[in-house]
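Student: For reference, each letter of the sequence shown is one residue, going -28 to -1, 1 to 1035 in mature numbering (1 follows the signal peptide of the UniProt record, and there is no 0).
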Amino acid sequence: MSNYIPRVVCMFLFQGFLINCNQGCSTGQYPCILNGTEGRIASPGHPSYYPNNANISWSIQVPHGYSIKLEFSDNFKIGLETNCRSDYLVIYDGFTTGSPVMGNYCGSDKPPSLYSSGPTLLVAFISDNEYQSSGFSANYTAIKPGTTCSALQTQEENANLILRDASGNIFAHFNNSYNYNIKPLRCLWRLRAPPGYGIKIAINALKLDKNTSCLQSNFNVYKGYFVQEDKLVSRYCKIENPAKIYLPDRTAVLRVQINQLSSWIGSEAFAIKYEFLKKDINKCSTLNSEQENSNIILTRNNGSFTIHTENGDPDQGLQCLWKIKPPNGHQVRLSFTKFLLESDCRDSFVEIFDGENSEGNGKFCGSVPPWVMFSTGGYLVVKFVARSSNMRNLSRLSIVGVYEAVTYAKGTCSTINTKQMNSNIQLNDKKGVIMTPNYPSKYPSDFKCVWIITVPSGYRIRLHFVAFNVENHGCVYDFVEVRDGDNSSSPLKTQENLCGITIPYDIYSTSNNMWMMFVSDYSEQMTGFQAFYSAVTPEPWRCSPVNTDQENNILIKDTPGVLTTPNYPHPYPPNLKCTWHITVPSSLRIQVHFHDFQLYSSCSFEFVEGFDGKDISDQSLGRYCGSNLPFDMFSTGNAITLVFQSSTFAGCRGFKLSHFILELGPGICSKGNPHDLNDNLVVNSTRGNITSPNYPLPYTRGMQCTWHVRAPIGYHVELNFTSIHFPLPCAQDYIEVRDGGSSNSPFKGRFCNVQSASRIYSSGRELWLRFISQHTTSEAYKGFYVTYRMIKAGNCSRDFDQSWNTNLNFGESMSGSLTSPGYPAPFPPDIKCTWKITVHYGYQVQLIFNRISLLEPCTSGYVEVRDGYYSFSKSLGKFCKTEVSSVRFRSTDRRLFVHFESGNTSMLGQGFDASFSAMIKGTTSSGSLAAGAITISLIVFAGFILITLAIIFTYWLLKKRYRRRPNSRPRDHDLAVIPPMRVPPLDDIPDCLIAEDRPPPYAEAVNQDDEEQSPARDVGRRNSGCTEETVEERSIEAERGLDNEGFTNDPPTYESLYGVDPT
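1. Which residues bound the beta strand (DSSP E) around Trp552?
2. Less than 8 Å between the CB atoms is what I'm expecting for Val353 and Phe325, so what's the real figure, rounded?
3. What are the boundary residues of the beta strand (DSSP E) that includes Gln392?
4. Taking CB distances under 8 Å as the criterion, tell me whether Leu52 reaches chain B.
5. Please report the distance separating the alpha-carbon of Phe698 from that of Lys754.
6. Helix, strand or coil, according to DSSP, for Leu827 in the structure here?
7. Would you tell me roughly how many angstroms separate the C-alpha atoms of Pro517 and Glu264, rounded to the nearest one?
8. Pop quiz: Cys421 and Cys385 are said to be a contact at Cβ under 8 Å. What is the actual Cβ separation, rounded to whole angstroms?
9. Would the beta-carbon of Thr482 fall within 8 Å of that of Asp458?
10. Taking the alpha carbon of Glu511 as the point to measure from, which residue in Thr694, Tyr494, Tyr480, Pro668 has its own alpha carbon closest?
11. Could you give the DSSP three-state label for Glu128: helix, strand or coil?
12. Please report the residue range of the beta strand (DSSP E) in which His647 lies.
13. Could you tell me if Ala922 is buried or exposed, where buried requires 16 or more neighbouring beta carbons within 10 angstroms of its beta carbon?
14. Measure the Cβ-Cβ separation of Ser775 and Tyr733 and say whether it is below 8 Å.
15. Tell me which same chain residues have a C-beta within less than 8 Å of the C-beta of residue 1061, skipping the five on either side of it?
16. For residue 1058, tell me which candidate among Lys529, Arg625, Asp568, Leu929 has the shortest Cα-Cα distance.
17. What is the DSSP secondary structure of Gly500, counted as helix, strand or coil?
18. Can you find the residues in the same chain that come closer than 6 Å, C-beta to C-beta, to residue 1117, ignoring five residues on each side of it along the sequence?
19. Sort Val709, Leu649, Ile763 by Cα distance to Ser657 and report the nearest one.
20. For Arg272, collect the residues of the same chain with a Cβ closer than 7 Å to its Cβ; drop the 5 residues on either side in sequence, then sort them by chain order.
21. Going by C-alpha distance, which of Ile40, Ala131, Cys121 is nearest Ser89?
22. With a CB to CB cut of under 6 Å and the five nearest residues on each side skipped, what residues in its chain are close to Glu323?
23. Can you tell me whether Val34 is buried or exposed, with buried defined as 16 or more other CB within 10 angstroms of its CB?
24. When we look at the beta-carbon of Leu819 and count the other beta-carbons within 10 Å, is it buried (16 or more) or exposed?
25. Taking residue 1080 as part of the beta strand (DSSP E), name the residues at either end of that continuous run.
26. What three-state label does DSSP hand Asp252 in the structure shown?
27. Round the Cβ separation of Arg561 and Ser642 to the nearest angstrom and send it over; I've been treating them as touching at under 8 Å.
28. Under three-state DSSP, which class holds Glu201?
29. Using the rule of at least 16 other Cβ atoms within 10 Å of the residue's Cβ for burial, across every protein chain shown, is Asn274 buried or exposed?
30. Hey, Val758 and Phe861 are a contact pair by Cβ (cut 8 Å); roughly how many whole angstroms apart?
31. Count the other C-beta atoms from every protein chain shown that fall within 10 angstroms of the C-beta of Thr223, then say buried if there are 16 or more, exposed otherwise.
32. Using a Cβ distance threshold of 8 Å, determine whether the segment 12 to 22 contacts the segment 103 to 114, with at least three qualifying pairs required.
33. Does the segment 415 to 432 touch the segment 524 to 543, meaning 3 or more C-beta pairs lie closer than 8 Å?
34. What are the boundary residues of the beta strand (DSSP E) that Trp740 is part of?
35. Take Ser630 as the anchor and find which of Asp604, Met486, Ile142, His647 has the nearest alpha-carbon.
36. Taking the beta carbon of Asp65 as the centre, do at least 16 other beta carbons fall within 10 Å, making it buried, or is it exposed?
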């Protein structure tokens, strides 16, 4: 419909009178202008039938600052159809047909009440020549619109809130005078932006309904003029973070519905800001309509394009299409300077087409920009899609594309280049892309491309293929060739040319140059290939295809760690050899444990092999391939060598292993220990732990370890198992504990799970433990972890379990002390302690309480003494009084029973402090002292006898040594008369020849070097200032018979020299 509307026949109600429009409008004035504050309009003849071919319009104008309310009567019937093509009524929010359409109406459904956003409204009625009906009538009224929703306004006032300013705020305030639980509240704002503008709505605060279903109260945004569910954009009832909505239309309706707001009385229920934004149809923007964003045409010689999200609402999504069309005779070069999309291409992506009907050059997402692309058909099409589902924040998305019109494709092989250009493509960046012409479409026939890649010095080149489809006829007609250098004479990097559909493995150069060629013949074109190149640096600290064979000889010193094949757990590259040399200090050993293993099944082509030493000439520890997990490897020395060799059939995931440092020493069971050491492990620290070999890793099958846990005199051993993992039943693998120092000691238990084990206490100073692993299954078990500590005899504590606390003994000690737990601090509640004191035969026990501090009654805590070994022995006394001291008890025999028990009350005393001593039966305390003196005297006398015997024995050994002579008598000519020699004064003897006061070390006293050395030469080496013997000295020794073989028999033992064991 054009802006021109012909002369009409109209009727309107002015000041209560029905007036014919022709009478109110001057001749030739169209449309009929109605400028009263209220009135009536109707179709011609209403309620009778309107005429055919009617074309009637009314322009209703009210004073500035008012809007128009239009209400239709119930008698509404226009035409027979509901699609409003023949007879219909159209209403514009303005005074021309270019104004926004508020609605088209026909049929028999009465239109809703309509409100204009400004002071003008245009109503047009059109009928054809086929059918007539009764038409319509409507009343219009000028109303003063508001901008703020309030509970003090009428429903009509709240339903006609008009926002026409360029920007503004929407508030709703509530006070206690409004009963929100009874009277619902409805508010409706209409927004109308100028032509060429869109609408931005920012929701800064919203708290209408605690229920997220939004059934009671909500805030709604609609497109257009009316509240229609099919026009709904968004619905909210509360928000945690601010939200923004962008509408490409000029008009929008905001509606607030509040059914119950009692919990928000006195607070700001919502705060919303709107703004009219200028649209740019040459940009991809959330402000544009879908039609505008899907047809953005770029025709300049160069330029850029972006997505303009303006922090868009992720619920809206965005889709744009650019068509880049260069001048005639040119192609398009496209690159991206900024590219940031969601990592999942299902959420957002960019797709590029070489022309409008091509299959596409690829779909891109994430943060890696597409490669540089050239058109071949005259223009490029770029499509951007950001879906509404699963998107976190549209504002994070950002792309900047740069385009220019070109006549050739620099840096790529293309059909728009000359043959000379395609035969010498220089690539000098640190990374880039290489493709066959027209990729991913089919490459042309009879074509040749040569790329020469150069990266900075010190780097190497990695060539990674992502797609490969080249004609496969023995790689003779179409093929790819790669060389390790910068020309066609450089060494080949592959054993043969590349073709077929199998994606080649990564190819690495050994320098900073790589030469690459693609050739096609006249038949059978395929899609070709796409590959990326990048500059990489050598990695001599690990096995890597970037390294040379020499760099893959890796030395690992003094540190445990993890080793994997390159790319693990992805397939390792072919034709790769790596060697690890692992060394530790000489006193340590190495264990290798495999966590995962998958190689080619033939050990002739690829394998892992271990060697027990520093290189591959040492003893092999096994060669492994296939998918079975290898056994652990253990070094017998301080070095292991591991070799990995891959074949040309590489494609398995490889392996992952750990190498550990094994300590050798007391208490540590290890595969690296000698068998006799593992069978006699001595533990005598005050506390620590004992574990199965390799714990928490699986232990090795076929091992046996024995520990002797020894406490000092006056102490016992406590064991606490924290982890046990053995196969059930306890027949093949287990840990066994005995109460003593040997396998014949009393049996304490055999354990294979932690549920069956409890704390174990020694009755004496020792516990004996033995670990045995004999299972034959392939399943791995962790073994056990147990902690130990030395506990003082007679010590009662909450840290110990009841079996210990109620069976405290001192062995057969002749004296000792016992206290309540924690003394002198208050003892804990609910604890029981029992001491059983036993002394030697012929003695009695005397117990003296130095102090007793308990509270009455005895339920709070007491101590009781019994004359015997049991709880039913005769009671000698029970105490629960405060501050009792110097209480003495004496047994009738050699045993005494003491029991202490605390109550469960918080009123607890300090406890007691007591000591005991052994007395000769029938004596008093003084008699006990005399007996002690006699005992000490006997001990001193026995010690004197032992020392005397030791001195006599030592003298005998030394005398025997000097009398030692060879078995055969030396020949006469070997002996010579030694003339008397003057003994020089001590001052004339060099210092180096004066013997030290202490004996020399055993290695020096008895020389056991492979090459025999004379004492003189040995002294000359050890002492500075002494020279080696001369030829004359050696001849003198020969004359004296000092070099006779009879004097050079086996050297004396260490015991014969010093009389003690060397250890």
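Glycine included, C-beta positions come from ideal geometry on N, C-alpha and C.
Tutor: For this structure:
1. In the sequence shown, residue 552 corresponds to position 580, counting from 1. Looking at the DSSP string, the run of the beta strand (DSSP E) that includes Trp552 is 549 to 555.
2. Working through the sequence shown from its first residue, we reach residue 353 at position 381. Working through the sequence shown from its first residue, we reach residue 325 at position 353. At roughly 4 Å, the Cβ-Cβ gap stays under 8 Å, so Val353 and Phe325 are in contact.
3. Position 420 of the sequence shown, counted from the first residue, corresponds to residue 392. Element bounds for Gln392: not the beta strand (DSSP E) but the alpha helix (DSSP H), 391 to 394.
4. Protein chain content of the structure displayed is limited to a single chain, and chain B is not contained in it.
5. Locating residue 698 in the sequence shown gives position 726, counting from the first residue. Locating residue 754 in the sequence shown gives position 782, counting from the first residue. Straight-line Cα distance between these residues: approximately 7 Å.
6. As a working note, residue 827 is residue 855 in the sequence shown. DSSP places Leu827 in coil when its eight states are reduced to three.
7. Position 545 of the sequence shown, counted from the start, is the residue given in the question as residue 517. Position 292 of the sequence shown, counted from the start, is the residue given in the question as residue 264. Spanning the two alpha carbons is a distance of roughly 52 Å.
8. For this step, residue 421 is matched to residue 449 along the sequence shown. For this step, residue 385 is matched to residue 413 along the sequence shown. About 4 Å; that satisfies the 8 Å criterion.
9. As a first step, residue 482 is located in the sequence shown; it is residue number 510 there, counting from the start. As a first step, residue 458 is located in the sequence shown; it is residue number 486 there, counting from the start. Cβ distance not < 8 Å, so Thr482 and Asp458 don't count as in contact.
10. Your numbering for residue 511 matches position 539 in the sequence shown. Here the closest residue by C-alpha is Tyr480.
11. As a first step, residue 128 is located in the sequence shown; it is residue number 156 there, counting from the start. Helix.
12. Translated into the one-based positions of the sequence shown, residue 647 becomes position 675. First-last for His647: 647 to 650, but that is the alpha helix (DSSP H), not the beta strand (DSSP E).
13. Here residue 922 corresponds to residue number 950 of the sequence shown, with the count starting at 1. Per the 10 Å Cβ criterion, exposed.
14. Within the sequence shown, numbered from 1, the residue matching residue 775 stands at position 803. Within the sequence shown, numbered from 1, the residue matching residue 733 stands at position 761. For Ser775 and Tyr733, yes; Cβs fall inside 8 Å.
15. Because residue 1061 is not part of the residues shown, which for the chain are -28 to 1035, the question remains open.
16. Nothing in the structure corresponds to residue 1058, since the chain is present only between -28 and 1035.
17. Counting from 1 along the sequence shown, the entry for residue 500 is found at position 528. In this structure, Gly500 counts as strand in the three-state DSSP scheme.
18. Lying before the first or after the last residue shown, residue 1117 is absent from the chain, which here runs from -28 to 1035.
19. Taking the first residue of the sequence shown as position 1, residue 657 is located at position 685. The shortest Cα separation from Ser657 among Val709, Leu649, Ile763 belongs to Ile763.
20. If you number the sequence shown from 1, residue 272 lands on position 300. Answer for Arg272: no residue qualifies.
21. The residue you call residue 89 lines up with position 117 of the sequence shown. The candidate whose alpha carbon is nearest that of Ser89 is Ile40.
22. Position 351 of the sequence shown, counted from the first residue, corresponds to residue 323. Excluding sequence neighbours, Glu323 sits near Gly332, Lys335, Lys355.
23. Walking along the sequence shown from the start, residue 34 turns up at place 62. Looking at its Cβ environment, which holds 16 or more other Cβ atoms inside 10 Å, Val34 is buried.
24. Against the sequence shown, residue 819 aligns to sequence position 847. When all chains shown are included, Leu819 counts as buried.
25. Outside the shown range of the chain, which is -28 to 1035, sits residue 1080, and nothing can be said about it.
26. Counted from its first residue, the sequence shown places residue 252 at position 280. In the structure shown, Asp252 sits in coil (DSSP, three-state: anything other than H, G, I, E or B).
27. For this step, residue 561 is matched to residue 589 along the sequence shown. For this step, residue 642 is matched to residue 670 along the sequence shown. Yes, Arg561 and Ser642 are in contact; Cβ-Cβ is about 7 Å, under 8 Å.
28. Within the sequence shown, residue 201 is the residue found at index 229, counting from 1. In this structure, Glu201 counts as helix in the three-state DSSP scheme.
29. Position 302 of the sequence shown, counted from the first residue, corresponds to residue 274. Asn274 should be labelled exposed.
30. For the purposes of this step, residue 758 is taken as the residue at position 786 of the sequence shown. For the purposes of this step, residue 861 is taken as the residue at position 889 of the sequence shown. Incorrect: roughly 39 Å between the Cβ atoms, too far for contact.
31. Locating residue 223 in the sequence shown gives position 251, counting from the first residue. By the 10 Å Cβ count, Thr223 comes out buried.
32. yes
33. no
34. Counted from its first residue, the sequence shown places residue 740 at position 768. Looking at the DSSP string, the run of the beta strand (DSSP E) that includes Trp740 is 738 to 744.
35. Position 658 of the sequence shown, counted from the first residue, corresponds to residue 630. Cα-wise, what sits closest to Ser630 is Asp604.
36. Taking the sequence shown and counting its residues from 1, one reaches residue 65 at position 93. Per the 10 Å Cβ criterion, buried.
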